[in-house]
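Colleague: Following numbering that gives the first Met the number 0, the numbering of the sequence shown begins with 0 at its first residue and continues without gaps.
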Amino acid sequence: MHTREEKIEALGRVIDTLDILRVQCPWDRKQTNESLRPNTIEEVYELCDALINYDNDNIKKELGDVLLHILFYSKIGEESDSFDICDVADALNAKLIFRHPHVFGSTAVENSHQVEENWEQIKLKERGGNRTVLAGVPAALPALIKAYRVQEKAANVGFDWNDNAEVWNKVREELDEFSVEADKMSRADMEAEMGDVLFSIINLSRKYGINPENALEKTNKKFIRRFNYVEAKAKESGRNLKDMTLAEMDLLWNEAKATE
């Protein structure tokens, strides 16, 4: 691994390169916060994909792309005399120290859960910080991740189920309520109850220490992998999936499972 000095020098080289590109490259020169934003979202999703695949080569690559965007936004801030990368780093460092009084201060904690509880309380006290417990949850987050973060933040101030059995009961209750509305075929009520079902299952995941976003994405990838196997095998035999029975596709699906 590299020394601290080598890491600082490497970051300096990237900053120097970006400074040159911002002046000499027509594409880099015309970029703004607004034009970069969609690309930033894409880069973060690509990083997330590499992370869930434990693909270190691509994790390194995508981290570089995300770092470029951080430096680019800082460069744009510098050009408007608002802030630069130094201000970004200093603000981050100050926040990390302030939010870790159990490391840099005299606060005593026994476990990571107490750290999370203190974190939420500290954020409420910060100047310019969150005024309410849930204010820090971005409105634009995907619904599944948002539900998890909302529940997590509420739990950190004590608003949580006492034990997992209560959450299981809530899941069953919400499923029963959805079943009632499904029998009535009331679309609006079904949607509301399905939202409650999903929210309760996300809560159950959280209580067992499982991140539902990661769990669902792994299942997505598993389904895609197995379905692609079914489709490939069907094509090998000259068949079209639409012309096959569910039983025939199930046989291929089980083959796919057996190969894993």
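Virtual Cβ for every residue (Gly too), placed ideally from N, Cα, C.
Quick caveat, the model's predicted, so the values are computed rather than measured.
What does the alpha-carbon distance come out to for the pair D195 and K220?
Modeller: One alpha carbon belongs to D195, the other to K220, and they sit about 25 Å apart.
Colleague: What does the alpha-carbon distance come out to for the pair M248 and K217?
Modeller: 22 Å
Colleague: Just the Cα atoms here: how many angstroms apart are T244 and D162?
Modeller: 45 Å
Colleague: Starting from M193, trace the alpha helix (DSSP H) both ways and give me its first and last residue.
Modeller: R186 to K206
Colleague: What span of residues does the alpha helix (DSSP H) with S34 cover, start to end?
Modeller: N32 to I51
Colleague: Whose C-alpha, out of M189, A154 and N239, is nearest the C-alpha of G208?
Modeller: A154
Colleague: Could you tell me how far apart the beta carbons of L17 and F97 are, in whole angstroms, since I believe they sit closer than 8 Å?
Modeller: Not confirmed; about 29 Å, so no contact.
Colleague: Would you kindly work out how many angstroms separate the C-alpha atoms of E8 and D15, rounded to a whole number?
Modeller: 10 Å
Colleague: Considering just the uninterrupted stretch of the alpha helix (DSSP H) at A257, what are its terminal residues?
Modeller: L245 to T258
Colleague: Quick one: using the 10 Å Cβ neighbour count with 16 as the cut-off for buried, is R171 buried or exposed?
Modeller: With fewer than 16 other Cβ atoms within 10 Å, it is exposed.
Colleague: Comparing C-alpha positions only, which one of I121, S111 and L67 sits nearest to G11?
Modeller: If we check each option's Cα against that of G11, L67 comes out closest.
Colleague: Grab me the residues of E230's own chain with a C-beta within less than 8 Å of its C-beta, minus the 5 sequence neighbours each way, in chain order.
Modeller: Excluding five sequence positions before and after E230, the CB atoms of its chain that fall closer than 8 Å to its own CB belong to L240, given in chain order.
Colleague: Which residue comes first and which comes last in the alpha helix (DSSP H) that contains A214?
Modeller: P211 to E235
Colleague: If we ignore side chains and look at the alpha-carbon of each, how far apart do T39 and G63 end up?
Modeller: 12 Å
Colleague: For S111, which three-state DSSP category applies?
Modeller: helix
Colleague: If we count the other Cβ atoms within 10 Å of its Cβ and call it buried at 16 or more, is I19 buried or exposed?
Modeller: exposed
Colleague: State the Cα-Cα distance for the pair R148 and V114, rounded to the nearest angstrom.
Modeller: 16 Å
Colleague: At the level of alpha carbons, what is the spacing between P141 and E4?
Modeller: 39 Å
Colleague: Output needed for V43: all residues of its chain with C-beta closer than 8 Å, excluding positions within five of it in sequence on either side, in chain order.
Modeller: V65
Colleague: With respect to the alpha helix (DSSP H) encompassing G11, which residues constitute its N-terminal and C-terminal limits?
Modeller: R3 to Q23
Colleague: Measure the C-alpha to C-alpha separation of E180 and M189 and round it to an integer number of angstroms.
Modeller: 5 Å
Colleague: So which of A191, V166 and W167 has the shortest CA-CA distance to S178?
Modeller: A191
Colleague: Taking the CB atoms as reference points, tell me whether E212 and L133 lie closer together than 9 Å.
Modeller: When the beta-carbon positions are compared, E212 and L133 stay at least 9 Å from each other.
Colleague: So R36 packs on K74, CB below 8 Å; how close in whole Å?
Modeller: So it is not a contact: roughly 15 Å between Cβ atoms.
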